[in-house]
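Per my numbering, the sequence shown starts with residue 32, numbered consecutively. To start, the structure itself, in structure tokens.
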Amino acid sequence: MTKGAKQNAIVLVVVAFVVAGMIYTGAKHSRRIKSVPLDQQGMQGDLRGKPAPDFELKTLDGKTVKLSDFRGKAVLVNFWATWCGPCKIEMPWLADLQTKYASRGLVILGVSVDEGSADKIASFSKEMGVNYTVLRTTDEVSDEYGGIDGLPTNFYVGRNGIVVEQVAGLVSKDVMESEVEMALNHSAPEKSTSAAPPNTQPTDKAGKQ
Numbered sequence: 032m033t034k035g036a037k038q039n040a041i042v043l044v045v046v047a048f049v050v051a052g053m054i055y056t057g058a059k060h061s062r063r064i065k066s067v068p069l070d071q072q073g074m075q076g077d078l079r080g081k082p083a084p085d086f087e088l089k090t091l092d093g094k095t096v097k098l099s100d101f102r103g104k105a106v107l108v109n110f111w112a113t114w115c116g117p118c119k120i121e122m123p124w125l126a127d128l129q130t131k132y133a134s135r136g137l138v139i140l141g142v143s144v145d146e147g148s149a150d151k152i153a154s155f156s157k158e159m160g161v162n163y164t165v166l167r168t169t170d171e172v173s174d175e176y177g178g179i180d181g182l183p184t185n186f187y188v189g190r191n192g193i194v195v196e197q198v199a200g201l202v203s204k205d206v207m208e209s210e211v212e213m214a215l216n217h218s219a220p221e222k223s224t225s226a227a228p229p230n231t232q233p234t235d236k237a238g239k240q
């Protein structure tokens, strides 16, 4: 085998390993959660009209944040990941919304489902111009929010802690802004859940792709 042929063989082996690694990483992510196609919009367990499940999660620098700390403000809980294409599109919109509506009481919490290091997530967030709080999810929190199985998924929580809307998948910035306005204007008394009928079956997850 000539020297050139050996070099070509080595290159092919390296490329094969890289491709295999990419396939493995993609499969690992896809088994757990997927990004929702741009033209599709699914729905996990329906939390609309219900109190948003409280959570206690860590920021990228290790501080603890509780959702209930923001009662009286409108909160957009955004589940996302660094590898999610549609998430990258809407992140600048989220930053714009945080800037525009912060004075009216909007809080955006970007809940990352990434399994990588906090430094990697922080670097990516800075690159994307994120100006809102980024948290790291746990399996328990994801389950409480319907078993997040599509990204991005946004929950718009009113000032009284009630989920006024939830959306799985990418929508337009105008639609997101209208949902933020709804959350900011929603301060009606919380609905009582004591009269819920017995043996109610959980809502089927329609967000799986």
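Even for Gly, the Cβ is constructed at its ideal location relative to N, Cα and C. Nothing here was measured: the structure is a model prediction, and the numbers come from that model.
message = Tell me the DSSP secondary structure of residue 189 in three-state form.
response = coil
ask   = Taking C-beta to C-beta, are residue 254 and residue 153 nearer than 7 Å?
value = Residue 254 falls outside the range modelled here, since the chain spans only 32 to 240, and no answer is possible.
ask   = According to DSSP, is residue 99 helix, strand or coil?
value = helix
query = Is there contact between the segment 198-205 and the segment 174-187, where contact requires at least three CB pairs shorter than 8 Å?
reply = yes
Among 167, 139, 80, nearest to residue 95 - alpha-carbon criterion = 167
key: Contact between the segment 154-163 and the segment 125-133 (3+ Cβ pairs under 8 Å)   = yes
inquiry  = So for residue 109, helix, strand or coil by DSSP?
reply    = strand
task = With DSSP collapsed to three states, give me the class of residue 133.
result = helix
task = Specify, as a first and last residue, the run of the beta strand (DSSP E) that residue 89 falls within.
result = 87-90
ask   = Closest by CA to residue 176, which one among 113, 212, 122, 142?
value = 142
key: Contacting residues, own chain, Cβ-Cβ under 8 Å from residue 157 (five flanking each side not counted)   = none
ask   = Rounded to whole angstroms, how far is the Cβ of residue 197 from the Cβ of residue 91, which I believe are closer than 8 Å?
value = Rounded, the Cβ-Cβ distance is 24 Å, inconsistent with contact.
key: Helix, strand or coil at residue 203 [DSSP, three-state]   = coil
ask   = Can you round the beta-carbon distance between residue 159 and residue 122 to whole angstroms, since I take them to be within the 8 Å contact cut?
value = 5 Å
request  = Excluding the 5 residues preceding and the 5 following residue 120 in the sequence, name in chain order all residues of the same chain whose CB lies nearer than 7 Å to its CB.
outcome  = 201
task = Give the DSSP bridge partners of residue 144, in chain order.
result = Residue 144 pairs with nothing; no bridge assigned.
key: Buried or exposed by the 16-neighbour rule on C-beta atoms within 10 Å, applied to residue 192   = buried
ask   = Quick one: what's got a C-beta closer than 8 Å to residue 217's C-beta in the same chain, skipping five residues either side?
value = 105, 189, 190, 191, 193, 195
key: When 173, 145, 134, 179 are compared against residue 212, the one with the closest alpha-carbon   = 134
message = On the criterion of 16 or more Cβ atoms from any shown chain inside 10 Å, does residue 209 qualify as buried, or is it exposed?
response = exposed
key: Span of the alpha helix (DSSP H), counted from its first residue to its last, around residue 172   = 170-175
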